[in-house]
Amino acid sequence: MKPRKLQRNFYARDTATVARELLGKHLVHVDGGIVRRGRIVETEAYVGPHDLAAHSSKGITPRTKIMYGPPGFAYVYLIYGMYHCMNVVTEPEGHGSAVLLRALEPVAHLENNTKGPGLLCRAMGIDLRLNGHDLLSEDLYLEDAGEDATFAIAQRPRIGVDYAGEWAEKPLRFYIEGNRFVSRK
DNA sequence: AGGATGATATCC
DNA sequence: GATATCATCCTC
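Numbers given in this note's numbering equal positions in the first sequence, counted from 1, plus 149.
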């Protein structure tokens with residue numbers, strides 16, 4: 150099976166399903182001519198405005214309008230003043246959902262730590278300039294690398310969302326069981 | 001356990 | 001305009 154770029158219809162589906170199926174896919178960023186590539190090993194689903202852990206629960210604001218936009222675009226934000234986090238927008242336009250990419254296994258031109266959403270973005274060269282970027286572009290996209298997805302998938306509560314009440318407990322974090330590049334057990 | 005560090009939302 | 005908060009990470 151040849152590598153192929155994930156198309157709009159991949160993203161335009163149930164958010165938890167997309168989060169699970171992104172495991173094993175490749176994230177590619179052509180960063181100043183350097184093609185950085187990592188294999189996704191950990192994700193989290195933020196399923197919509199009713200999800201109190203999701204930024205979209207604030208409604209449509211200048212920041213969250215990307216989450217409410219069409220699927221297959223990058224939602225990038227700055228957290229704690231020093232780290233960026235990258236999401237992919239899911240479901241039909243207007244839904245307000247996305248999948249956070251939490252950890253990568255290095256494949257090409259990733260010199261630094263990729264275990265955790267902030268470190269992932271730093272290693273990939275991803276920052277606010279890529280907020281709203283189309284993932285069907287030539288310089289930032291996700292790809293089915295054609296591997297057989299035989300790995301076991303773990304499903305656990307999300308990290309860093311204790312403020313979200315019952316939504317903090319929902320098992321919307323997915324990772325490849327046993328992979329050494331997962332950010333936390 | 002606490003600090004770095006800046007965008008964002010939500011007040012006045 | 002001021003302030004509280006933050007989907008993190010590092011060091012102690």
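We put the beta carbon where it would ideally sit given N, CA and C, even for glycine.
- Residue pairing from DSSP places Ser246 in a beta bridge opposite Thr239.
- When DSSP reads this structure, Leu289 sits in a beta bridge with His178.
- Under a 10 Å Cβ-count criterion, Arg329 is classified as exposed, with fewer than 16 other Cβ atoms of the shown protein chains found around its own Cβ.
- A Cβ-Cβ distance of about 6 Å is found for the pair Ala223 and Met235, placing them in contact under the 8 Å criterion.
- Ala257 and Thr263 have their alpha carbons spaced roughly 12 Å apart.
- Under the three-pair Cβ rule at 8 Å, the stretch 168-187 does not count as touching the stretch 207-223.
- Counting only the Cα atoms, Ala252 lies some 23 Å from Gly245.
- Taken through DSSP and simplified to helix, strand or coil, Lys319 comes out as coil.
- For Tyr160, DSSP assigns no beta-bridge partner whatsoever.
- Burial is judged here by how many other beta carbons sit within 10 angstroms of a residue's own beta carbon; Met273 has at least 16 and is buried.
- Three or more beta-carbon pairs drawn from the stretch 152-159 and the stretch 286-300 are found closer than 8 Å, and the two stretches are therefore classed as touching.
- For Ile302, the CB contacts under 8 Å within the same chain, skipping 5 residues up- and downstream, are Arg169, Leu172, Phe323, Tyr324, Ile325 and Glu326 in chain order.
- Excluding five sequence positions before and after Ile275, the CB atoms of its chain that fall closer than 7 Å to its own CB belong to His178, Val225, His233 and Met235, given in chain order.
- The C-alpha of Arg307 lies about 20 Å from the C-alpha of Arg162.
- Counting along the chain, Gly267 sits inside the alpha helix (DSSP H) bounded by residues Pro266 to Met273.
- Distance between Thr210 and Val237, taken at the CA atoms: about 18 Å.
- Every beta strand (DSSP E) of 3 residues or more that sits fully in the stretch 188-230 is shown, in chain order, as 223-228.
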